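Undergrad: Here it is: the structure, laid out below.
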Amino acid sequence: MASVPSLASSLHQRIADALSAALPEAGAADPLLRRSDRADFQANGMLALAKKLGGNPRELAGKVVEGLPAGDLIQQVEVSGPGFLNITITDGAIARTLAARAADDRLGVPLVERPGTTVIDWAQPNVAKEMHVGHLRNSVIGNAVVRILEFTGEKVISRHHIGDWGTQFGMLIQYLLEHPHELDHKADGEVSGEEAMSNLNRLYKASRTLFDSDEEFKARARRRVVDLQAGDEETLALWQRFVDESKIYFYSVFDKLDVEIRDEDIVGESGYNDMLAETCRLLEESGVAVRSEGALCVFFDDVKGPDGNPVPLIVQKSDGGFGYAATDLSAIRDRVFNLKADTLLYVVDVRQSLHFKMVFETARRAGWLTEGTEAVQLGFGTVLGKDGKPFKTREGETVRLVDLLDEAIERASAIVREKAQDLTEEEIAERGAQVGIGAVKYADLSTSAARDYKFDLDQMVSLNGDTSVYLQYAYARIQSILRKAGEAGPVAHPELALAPAERALGLHLDQFAATVAEAAGEYAPHKLAGYLYQLASLYTSFYDQCPVLKAGEPAQVENRLFLCDLTARTLRKGMELLGIRTPERL
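Using the working numbering, you'd call the opening residue of the sequence shown number 56 and step up by one each time.
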């Protein structure tokens, strides 16, 4: 279906045409249109234009008003102050535009004209280690950004850069070689995520104890690292067992978080192992990197340590080992030249900003990131406790992610049970999970990624305020109304006058496409979350002020059911783009 022009874009075009006619020398001038409290929209472009061309802004505004056609779109235009235009849209134009959106499966959201390929690096757990609260944000934000970009037509390739390489594997593999049944499964082969993590934890602790107390084992473990890096078959087979056991655990946690991770998208540090030496050679031969005290380094004029001396990016250590930079630079080469990425997006803790700034600059100097390729770090802040400090357990330990999610589900299930009228225990459990996980995700996504946020479950599962539960209940309430409507169905009636609450809801519904485009362009899911909260709030006002099923006239009932239905579909699609479920009944 052809894209549906929004009220704002239609109005923008009309004013731009009137501006060009009134002031031909201005060329294609921008009317600077925005939503307004004084009217539906305000155009501020006359001030800048008159100033630039030495005219009177109020006179120019008057000429533009004369050139605006009256009729189907514009109800009233008022010149205020030094030349602002306050514009009110006709009720009919609102209804017709919304009807066109409702007739489109995509709710009027166009596909981008020139889609590219974005490779997004998100959800980065470590093999043989438990996922903790620090793994929450990259998983939730990354999943939402993938969904939003794909909906706009972008080709998106996910990459989960898991920590699956390094010296600690020598210790683990050597221990498993000497205790071969430590990772064996029961006869039926069914292993839960908790069991898999328990196996890995037990093995890690036992191998660490031996490593710290037995010098001969320590020596054997270190030789095993060399075997691993050399690609010894037996060593790699044991390493793969740790990766496979960890995946059983990862997938159980991601499943609980309602985030889909595909096996083919998991390309950990090991995936770039064969490229590391070549990456270093290319950097050294081109002069981008130089040897300094035996290490291969890249220096930057603007990156200095506390002592004022330059801080280099170390690509290869003096002992020949490769640092994170070598892996990250090899990943860039792979993503640009093999995956043909136009954009490289990294959903990584904001505290790694300096590292990625140096990596990106190195890749540019090497010619791997060209003008047509953009590399962006979508840095996220820290999850804080209610006390405003990094979130820890009472004992000061890092909070396990699975414990956090279980508690959210438990709290939400209690609320669903309290409110449930006609739900079975099975339905309460299902809704509890959808509400609890939605609450955790929304709390994260309603905050700008770069900011820290407080993890407060009491607030997250509240039915009032800016929470996903509030949005989910708004959606469920609409579904209840639509079920009770009987013979009446949602039909737009452009001939009807709209009440103020209907107008406010309709004008906001019209902004959905623009909001999705903004969230995609800025990698800003919080802008979509903010839009949805405002939509639910405006719907609540509409519901309070405008009876739906008892509206009186059949046309009025149909028109209000139409506003209900389009609100529900917009809420559902918006929440889906954030990775949050919308239960039909709550």
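Glycine residues also receive a C-beta, built at the ideal position from the N, C-alpha and C atoms. Since the structure is predicted, the reported quantities are computational estimates derived from the model, not experimental observations.
What are the boundary residues of the beta strand (DSSP E) that includes R90?
TA: It spans L88 to R90 - the beta strand (DSSP E) in which R90 sits, taken as one unbroken run.
Undergrad: One question on the structure: do R506 and G436 come within less than 8 Å of each other, judged by their Cβ atoms?
TA: yes
Undergrad: Does DSSP put N141 in a helix, a strand or coil?
TA: strand
Undergrad: Helix, strand or coil: how does DSSP classify D429 here?
TA: Note that residue 429 is Glu in the sequence shown, not Asp. Reduced to three states, the DSSP call for E429 is strand.
Undergrad: With DSSP run on the structure shown, which of helix, strand or coil describes T382?
TA: helix
Undergrad: Let me know the secondary structure DSSP gives S135 once reduced to three states.
TA: Reduced to three states, the DSSP call for S135 is strand.
Undergrad: Taking three-plus beta-carbon pairs below 8 Å as touching, is the segment 109–124 in contact with the segment 577–590?
TA: They do not touch, by the three-pair rule.
Undergrad: Could you name the residues that DSSP lists as bridge partners for D356?
TA: According to DSSP, D356 bridges with nothing at all.
Undergrad: List the endpoints of the continuous alpha helix (DSSP H) containing T637.
TA: No alpha helix (DSSP H) holds T637; DSSP gives it neither H nor E.
Undergrad: Compare the Cα-Cα distances from G221 to each of R69, G561, L140 and Y327 and report the closest residue.
TA: Y327
Undergrad: I'd like the list of long-range same chain contacts for P48, defined as Cβ closer than 6 Å, with 5 residues on each side in sequence excluded.
TA: Outside the displayed span of the chain (56 to 641) sits residue 48, for which this structure offers no information.
Undergrad: Go to T173, then tell me how far its alpha helix (DSSP H) extends in each direction, as first and last residue.
TA: Counting along the chain, T173 falls outside any alpha helix (DSSP H), though it belongs to the beta strand (DSSP E) covering T172 to D176.
Undergrad: Cα-Cα, which of D267, L400, E237 and R263 is closest to S253?
TA: E237
Undergrad: Counting pairs of Cβ atoms below 8 Å between the segment 414–432 and the segment 375–395, do you hit three or more?
TA: yes
Undergrad: Which complete alpha helix (DSSP H) runs does the segment 473–522 hold, if anything under 4 residues is left out?
TA: 480–500 and 512–515
Undergrad: Among residues of its own chain, excluding the 5 on either side of A643, which ones have a beta-carbon nearer than 7 Å to its beta-carbon?
TA: Since the first residue of the chain shown is 56 and the last is 641, residue 643 is not available in this structure.
Undergrad: Using 10 angstroms around the beta-carbon of E300, count the other beta-carbons present and answer buried if the total reaches 16, otherwise exposed.
TA: It is buried - the Cβ of E300 has at least 16 other Cβ atoms within 10 Å.
Undergrad: CA-CA distance, G561 and R156?
TA: 11 Å
Undergrad: Could you round the C-beta distance between V457 and F446 to whole angstroms and report it? I think they count as a contact, below 8 Å.
TA: Incorrect: roughly 14 Å between the Cβ atoms, too far for contact.
Undergrad: Per the DSSP calculation, R455 is bridged to which residue(s)?
TA: H187
Undergrad: Is the Cβ-Cβ distance between I217 and Q179 less than 8 Å?
TA: yes
Undergrad: At the level of alpha carbons, what is the spacing between Y497 and A572?
TA: 19 Å
Undergrad: Under 8 Å by Cβ, that's how I've got V471 and G434 pegged, so tell me the actual separation to the nearest angstrom.
TA: V471 to G434, Cβ: 35 Å. No contact.
Undergrad: If distances are taken between C-alpha atoms only, which option among A84, E114, D159 and V132 comes closest to P60?
TA: D159
Undergrad: For D499 versus R192, is the C-beta distance shorter than 8 Å?
TA: yes
Undergrad: For F354, count neighbouring C-beta atoms within 10 Å of its own C-beta (all shown protein chains included) and say buried if the count is 16 or more, exposed if not.
TA: exposed
Undergrad: How would you call N393, buried or exposed, if buried means at least 16 neighbouring beta carbons within 10 angstroms?
TA: Exposed, since its Cβ has fewer than 16 Cβ neighbours within 10 Å.
Undergrad: What are the start and end residues of the alpha helix (DSSP H) that includes I212?
TA: Note, I212: premise wrong, no alpha helix (DSSP H); beta strand (DSSP E) at K210 to R214.
Undergrad: List the DSSP bridge partners of F435.
TA: D404
Undergrad: I need the DSSP call for V370, collapsed to helix, strand or coil.
TA: strand
Undergrad: Just confirm the distance between the C-beta atoms of F139 and N99, as a whole number of angstroms; I'd bet it's less than 8 Å.
TA: 6 Å
Undergrad: For C335 and H410, what's the separation of their Cα atoms in angstroms?
TA: 17 Å
Undergrad: The beta strand (DSSP E) spanning R346 covers which residue range?
TA: V345 to S347
Undergrad: I need the boundaries of the beta strand (DSSP E) containing A98, first residue and last residue.
TA: F96 to A98
Undergrad: Taking 8 Å as the cut-off, decide whether the C-beta atoms of I175 and L66 are in contact.
TA: no
Undergrad: Residue ranges of each alpha helix (DSSP H) run of no fewer than 4 residues wholly in the segment 234–271, ordered along the chain?
TA: 248–268
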